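Participant: The numbering of the sequence shown is full-length UniProt numbering, which starts it at 1 and goes up by one.
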Amino acid sequence: MGQLVLRGVGKTFHGQSVVQDIDLTIEEGEFVVIVGPSGSGKSTLLRMIAGLEDISTGEMFLDGQLINDTLPQGRSIGMVFQSYALYPHMTVAENMAYGLTLAKRPKPEIARRVSEAASILQLTPLLERKPAMLSGGQRQRVAIGRALVKEPALFLFDEPLSNLDAALRVDMRVQIARLHQKLRSTMIYVTHDQVEAMTLADRIVMMSSGSVAQVGTPLALYHHPATLEVATFIGSPR
Ligand code: ADP
Ligand code: MG
């Protein structure tokens, strides 16, 4: 579960093309990191995969199923954003359960999923706290927990750590790597951080002006950057 195929995927906003002709196959269990300058279409691409944005051209398949017209809640996808606004009046447990409650899942199932996700993310002692009583890293773990309770085949992360300070970023990066090892779910992770990209990725996708500039393993991009932009981002030797 969690194979994603994009064929000729593009997005036009008000007649202006912001993502063009993306062809990409992401295998089950793969950790793919998307990098590229601000405005290169990374968030738009993730939002299309999540179903939060219609696609203008092309086709998307999740585990062989065409998902172009599938509503977000019908896709087995969990998304974690940079700004992960939690509901301040709800406890950690209620925040994590919220999507499942809306989807009218049975109460015992919600309780089981929240408890499992809390255990994986080391949030069990914090389940009855309100967000104001949490540190930045703990809040971000709750945001990941909200995606995790959906038990998705595919996780999407849009610069999830860029609001955290440097030390915490390293800590969270290790936790995300552990989560991937444990779940073996497919993960697509957008970041500006070169170290995050190099350490987390099975493959890196470099985007430039709405297109894919290069796809490859971190080592392939390091040793054989296709463009100066790739070389600069990766820090390839000249
Ligand atoms: P990135 O995440 O790589 O910084 P985005 O996907 O956010 O890039 O944006 C890509 C381009 O699409 C930008 O030029 C941005 O202004 C434009 N864009 C994004 N969302 C919208 C929208 N809802 N309406 C119009 N233009 C948009
Ligand atoms: Mg973005």
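Note that beta-carbon positions come from the ideal geometry of N, C-alpha and C, so glycine has one too. No experiment lies behind these values; they were computed from the predicted model shown.
On the criterion of 16 or more Cβ atoms from any shown chain inside 10 Å, does His-89 qualify as buried, or is it exposed?
Facilitator: For the purposes of this step, residue 89 is taken as the residue at position 89 of the sequence shown. By the neighbour-count rule (16 or more Cβ atoms within 10 Å), His-89 is not buried but exposed.
Participant: Once DSSP output is grouped into helix, strand and coil, what is the label at Val-149?
Facilitator: What you label residue 149 is simply residue 149 of the sequence shown in a count that begins at 1. Residue state, collapsed to three classes: coil.
Participant: Count the other CB atoms within 10 Å of the CB of Gly-64; is the residue buried (16 or more) or exposed (fewer)?
Facilitator: The residue given as residue 64 occupies position 64 in the sequence shown. Exposed is the call here.
Participant: Using only the heavy atoms of ligand 1, determine whether one of them is closer than 7 Å to the beta carbon of Lys-42.
Facilitator: As a position in the sequence shown, residue 42 is number 42, starting the count at 1. Yes - ligand 1 has a heavy atom lying nearer than 7 Å to the Cβ of Lys-42.
Participant: Distance, Cα to Cα, Glu-159 vs Met-133?
Facilitator: Locating residue 159 in the sequence shown gives position 159, where the first residue counts as 1. Locating residue 133 in the sequence shown gives position 133, where the first residue counts as 1. Cα to Cα, Glu-159 sits roughly 24 Å from Met-133.
Participant: For Leu-62, write down the residues that DSSP places opposite it in a beta bridge.
Facilitator: Within the sequence shown, the letter at position 62 stands for residue 62. Leu-62 pairs with Leu-4 and Gln-65.
Participant: State the CB to CB distance for the pair Leu-221 and Met-206, rounded to an integer number of angstroms; the pair is presumed to be in contact (CB under 8 Å).
Facilitator: On the sequence shown, residue 221 is found 221 positions in, with the first residue counted as 1. On the sequence shown, residue 206 is found 206 positions in, with the first residue counted as 1. With a Cβ gap of about 7 Å, Leu-221 and Met-206 count as contacting.
Participant: If I'm right that Val-80 touches Ala-143 with Cβ under 8 Å, what's the distance once you round it to whole angstroms?
Facilitator: Numbered from 1 along the sequence shown, position 80 holds the residue referred to as residue 80. Numbered from 1 along the sequence shown, position 143 holds the residue referred to as residue 143. Right, the Cβ-Cβ distance comes to about 5 Å (below 8 Å), so this counts as a contact.
Participant: Does DSSP put Thr-25 in a helix, a strand or coil?
Facilitator: The sequence position of residue 25 within the sequence shown is 25, counting from 1. Here Thr-25 sits in strand by DSSP.
Participant: Kindly identify the DSSP beta-bridge partner or partners of Asp-158.
Facilitator: Here residue 158 corresponds to residue number 158 of the sequence shown, with the count starting at 1. According to DSSP, which records beta bridges pairwise, Asp-158 is partnered with Val-190.
Participant: Does the beta carbon of Asp-54 fall short of 7 Å from some heavy atom of ligand 2?
Facilitator: Numbered from 1 along the sequence shown, position 54 holds the residue referred to as residue 54. False, no ligand heavy atom lies under 7 Å from that Cβ.
Participant: With DSSP run on the structure shown, which of helix, strand or coil describes Ile-55?
Facilitator: Translated into positions along the sequence shown, residue 55 becomes position 55. Of the three classes helix, strand and coil, the one that applies to Ile-55 here is coil, per DSSP.
Participant: Classify Arg-203 as helix, strand or coil using the three-state DSSP reduction.
Facilitator: Along the sequence shown, one-based indexing puts residue 203 at 203. Of the three classes helix, strand and coil, the one that applies to Arg-203 here is strand, per DSSP.
Participant: On the premise that Gly-8 lies in contact with Glu-59, defined as a C-beta separation below 8 Å, what is that separation, rounded to the nearest angstrom?
Facilitator: For the purposes of this step, residue 59 is identified with residue 59 of the sequence shown, where counting begins at 1. For the purposes of this step, residue 8 is identified with residue 8 of the sequence shown, where counting begins at 1. Indeed, because the Cβ distance is near 7 Å, the residues count as touching under 8 Å.
Participant: If you draw a straight line from the alpha carbon of Ala-231 to that of Asp-54, how long is it in whole angstroms?
Facilitator: If you number the sequence shown from 1, residue 231 lands on position 231. If you number the sequence shown from 1, residue 54 lands on position 54. Using only the alpha carbons, I get a separation of about 33 Å.
Participant: Three or more C-beta pairs closer than 8 Å, one from the region 30-40 and one from the region 208-216: is that the case here?
Facilitator: With the cut-off at 8 Å, the region 30-40 and the region 208-216 touch.
Participant: Can you give me the Cβ contacts of Ala-226 inside the same chain, cut-off strictly under 6 Å, excluding the 5 residues immediately before and after it?
Facilitator: By 1-based counting over the sequence shown, the position of residue 226 is 226. Cβ neighbours of Ala-226 beyond the five flanking positions: Gln-214.
Participant: Rounded to whole angstroms, how far is the Cβ of Asp-23 from the Cβ of Leu-6, which I believe are closer than 8 Å?
Facilitator: What you label residue 23 is simply residue 23 of the sequence shown in a count that begins at 1. What you label residue 6 is simply residue 6 of the sequence shown in a count that begins at 1. Sure, about 6 Å apart at Cβ, within 8 Å.
Participant: Let's see if you can read the secondary structure: which residues bound the alpha helix (DSSP H) around Gly-78?
Facilitator: The residue labelled residue 78 in the question sits at position 78 within the sequence shown. Careful: Gly-78 lies outside any alpha helix (DSSP H), inside the beta strand (DSSP E) at 77-80.
Participant: Compute every distance between the C-beta of Gly-10 and the non-hydrogen atoms of ligand 1, then say whether any falls below 7 Å.
Facilitator: Position 10 of the sequence shown holds residue 10. No, since every heavy atom of ligand 1 falls outside the 7 Å radius drawn around the Cβ of Gly-10.
Participant: Can you give me the start and stop residues for the alpha helix (DSSP H) that Ala-50 sits inside?
Facilitator: In the sequence shown, counting from the first residue as 1, residue 50 sits at position 50. Residues 42-50.
Participant: Can you pull the DSSP bridge partners for Lys-11?
Facilitator: Mapped onto the sequence shown, residue 11 falls at position 11. In DSSP, Lys-11 forms a bridge with Val-19.
Participant: State whether the region 173-188 contacts the region 10-19, with contact taken as three or more CB pairs (one from each stretch) at a distance under 8 Å.
Facilitator: Taking 8 Å as the limit for Cβ pairs, the verdict is that the region 10-19 does not touch the region 173-188.
Participant: Tell me, to the nearest whole angstrom, how far the beta carbon of Glu-30 is from that of Asp-171; I am working on the premise that it is less than 8 Å.
Facilitator: Locating residue 30 in the sequence shown gives position 30, where the first residue counts as 1. Locating residue 171 in the sequence shown gives position 171, where the first residue counts as 1. Incorrect: roughly 24 Å between the Cβ atoms, too far for contact.
Participant: How about Asp-158: is its Cβ closer than 7 Å to a heavy atom in ligand 2?
Facilitator: As a working note, residue 158 is residue 158 in the sequence shown. Checking every heavy atom of ligand 2 against the Cβ of Asp-158, one is found closer than 7 Å.
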